[in-house]
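Those protein sequences? They're chains A and B, same order as listed. Per our numbering, residue 1 is the first one in the first sequence, and the count goes up by one each step. Per our numbering, residue 115 is the first one in the second sequence, and the count goes up by one each step. All C-beta atoms, glycine included, are put in the ideal place defined by N, C-alpha and C. All remarks here apply to the structure that follows.
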Amino acid sequence: AQSVTQPDIHITVSEGASLELRCNYSYGATPYLFWYVQSPGQGLQLLLKYFSGDTLVQGIKGFEAEFKRSQSSFNLRKPSVHWSDAAEYFCAVGVYNAGNMLTFGGGTRLMVKP
Amino acid sequence: KAGVTQTPRYLIKTRGQQVTLSCSPISGHRSVSWYQQTPGQGLQFLFEYFSETQRNKGNFPGRFSGRQFSNSRSEMNVSTLELGDSALYLCASSLIAGHTDTQYFGPGTRLTVL
């Protein structure tokens, strides 16, 4: 069965600093990969996704992620964090022939210092 | 296009009762999935419906059930509520089923069981 690990439960960065959130997955074939963001009391908003093709994926709000098959990783990056980016971020994996069932990581809570 | 809507947004029930939550997908989307989010277990897949048929089911007891109507709207039901059922229940819709598609999440229903 597939699994997703987000090693960092909490991350604090200063506004304007760069950000990298880690995501590692376990799955035997090429997965479908997603990053979602959740603000307090809200649902999940899709930031970006990787299905195939170019391993560097651009998303909304200035986020990007890179799929590295050799490292089983799909890390999320942003060059300059804004205070409004404070939220919880979830990495998720879907697999072929499993319909729309997603397996989520435990999430990383991002705090932004002024 | 309107997003995924979920009703009600908040519910308080007591142990032993049952509850029904409703989800209206994005117009044209035919697949609806349900997830449970708790602080302890994180985000867990409950089930997916497409064309009024359950396509996938997560590892939850039979007290959790769902259905989908011909207009793609979906309901989930939890019978004999337990304290541990307190959670945010998220609904997600996507255009197709069969293999992983992009899912768009609603704001969730916050269920509190007393």
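For Phe-161(B) and Gln-71(A), I'd like the C-alpha separation in whole angstroms.
Cα to Cα, the separation comes out at about 30 Å.
Less than 8 Å between C-beta atoms, sequence neighbours within five positions excluded: which residues of the same chain meet that for Lys-113(A)?
A distance below 8 Å between beta-carbons, with the five flanking residues on each side excluded, links Lys-113(A) to the following residues of its chain, in chain order: Thr-12, Val-13, Ser-14, Glu-15.
For Ile-9(A), which residues of its own chain have a beta-carbon under 6 Å away from its beta-carbon, when the five flanking residues on both sides are left out?
Taken in chain order, the list of residues that qualify is empty.
Measure from the alpha carbon of Gly-142(B) to the alpha carbon of each residue in Phe-164(B), Leu-125(B), Met-190(B), then state which is nearest.
Gly-142(B) has its Cα closest to that of Phe-164(B), out of Phe-164(B), Leu-125(B), Met-190(B).
When you compare the CB of Leu-44(A) with every CB in chain B, is at least one pair closer than 9 Å?
Yes, contact with chain B.
Taking C-beta pairs closer than 8 Å, name the residues in chain B that Lys-49(A) reaches, listed in chain order.
By Cβ distance, chain B contributes Thr-216.
For Pro-45(A), I'd like the list of residues in its chain whose CB is within less than 6 Å of its CB, leaving aside the five on either flank, ordered along the chain.
Per the sequence shown, residue 45(A) should be read as Gln rather than Pro. Cβ neighbours of Gln-45(A) beyond the five flanking positions: Val-37.
Cβ-based contacts, 8 Å cut-off: residues of the segment 53-68 of chain A near chain B
Taking 8 Å as the upper bound on Cβ-Cβ separation, chain B lies near no residue of the segment 53-68 of chain A.
If you draw a straight line from the C-alpha of Tyr-25(A) to the C-alpha of Pro-7(A), how long is it?
Taking C-alpha positions only, Tyr-25(A) is separated from Pro-7(A) by approximately 11 Å.
Among residues of its own chain, excluding the 5 on either side of Ser-73(A), which ones have a beta-carbon nearer than 6 Å to its beta-carbon?
Its chain contains Asn-24 as the residues whose beta carbon lies nearer than 6 Å to that of Ser-73(A), once the 5 sequence neighbours on both sides are disregarded; these appear in chain order.
Who pairs with Leu-56(A) in a beta bridge, going by DSSP?
Looking at the DSSP output, Leu-56(A) bridges to Glu-66(A).
Run of the beta strand (DSSP E) containing Val-133(B), from where it starts to where it stops
First-last of the beta strand (DSSP E) with Val-133(B): 133-138.
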